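Be aware that the sequence shown starts at 34, since it is given in our numbering, and climbs by one per residue. Heads up, the beta-carbon is just placed ideally off N, CA and C, and yes, glycines get one too. Bear in mind the structure is a predicted one, so any value in this text is a computation, not a measurement. A short write-up of the structure that comes next.
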Amino acid sequence: MRHIFREAWSGIRRNATMTVAVIMTMWVSLALFGVGLLAAEQVDLTKGKWYDKIEISVFLCVKTSSATNCTQGEDATDAEKAEIKAKLEANPEVAEVMYESKADMFEDFRKFYADQPILATMTVDDMQDSFRVKLKNPEEFSGVYSAMANQKGVEAVQDLRKYLEDIFSWLNMARWGTISASVVLLLAAALQIGNTIRMAAFNRRRELGIMRLVGASNWYIMLPFLLESLIAAALGAGLAFGTLMALEKFVIQDKAKVEIPGEWIDYSHVLSAGVVLGLVAVVLSIVPTLVATRRFLRV
């Protein structure tokens, strides 16, 4: 083992500049990859929180409605409201049905626009009553929508999902963009490790040839190079993990959680990402090393 550690240290000293470059590349690429993983976790947390609160609003006809389901100049009748409620409660996708009268809507409107001039121009009759529908599974809403779209007394059916989907699509694009950029950098790091090990092996090609001729095993020859690349990868992964911990502390815990209450990733997510980074670093160090030293293992 003394020979292996001595040779690994010798290789690091001889190629100090290249080793530092490998560490820096691994640091940046793994940190970016970790950010992508944490962004994916954050998107899932946010989506889970908001999707649980998604409701479908079934707006009923009023005198000014022009929809085909409405009778011109008339509000939805009590019979139509009762039929709508019965159909919603009988729908297997529905968990809860809540009725909001015009008076309820006006009270909410009055609170929201308490200091606005528009409040003086509005009355209860200008409001629109509705049914708020909470779904058992926010992913399954098509049945409710199709059942209410042509229902007599219904002016419109509104699903909050269509507004959230645009937000989540942009978040997903940012997530995959980050991961894609990190993958490119990880490939660059792998190539850099391979070139560094290839140069180290080339500089010691005579010594390696002698060792091979006297019966040294392939693993005995390769272990110093593997250790050299593993050390560089471990340092890069450690720096990347430290970067993620700093982001969690100073960006998420100290800023985001304080200023924007909600579901945020915590240190457990960072630890999980750190495990993935460690595994990726090991693979990126071993595979290029095996490929780079293969030609020097032949007699």
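A Cβ-Cβ distance of about 19 Å is found for the pair residue 143 and residue 90, leaving them out of contact under the 8 Å criterion. Counting the other CB atoms within 10 Å of its CB gives residue 60 a total of 16 or more, which places it among the buried residues. Note on the region 170 to 223: whole alpha helix (DSSP H) runs with a minimum of 4 residues are 175 to 182, in chain order. Taking C-alpha positions only, residue 183 is separated from residue 100 by approximately 10 Å. Judged by DSSP secondary structure, residue 131 falls outside any alpha helix (DSSP H) and instead within the beta strand (DSSP E) spanning 127 to 133. With fewer than 16 other CB atoms across the displayed protein chains lying within 10 angstroms of its CB, residue 287 is exposed. Excluding sequence positions up to five before and after residue 306, its CB lies within less than 7 Å of the CB of 67, 70, 71 and 277, all in the same chain and listed in chain order. Around the C-beta of residue 160, 16 or more other C-beta atoms lie within 10 Å, and the residue is accordingly described as buried. Per DSSP, the continuous beta strand (DSSP E) segment holding residue 166 begins and ends at 163 to 168. Distance between residue 221 and residue 58, taken at the CA atoms: about 8 Å.
Ranked by Cα distance from residue 105, the options 219, 199, 232 and 186 are led by 186.
In the DSSP secondary-structure assignment, residue 88 is bridged to 167. When the alpha-carbon of residue 77 is set against those of 229, 201, 312 and 313, the nearest one is in 201. About 4 Å separates the beta carbon of residue 273 from that of residue 63, a gap short enough to meet the 8 Å contact definition. By the Cβ rule, the region 212 to 227 counts as touching the region 316 to 326, because three or more pairs are nearer than 8 Å.
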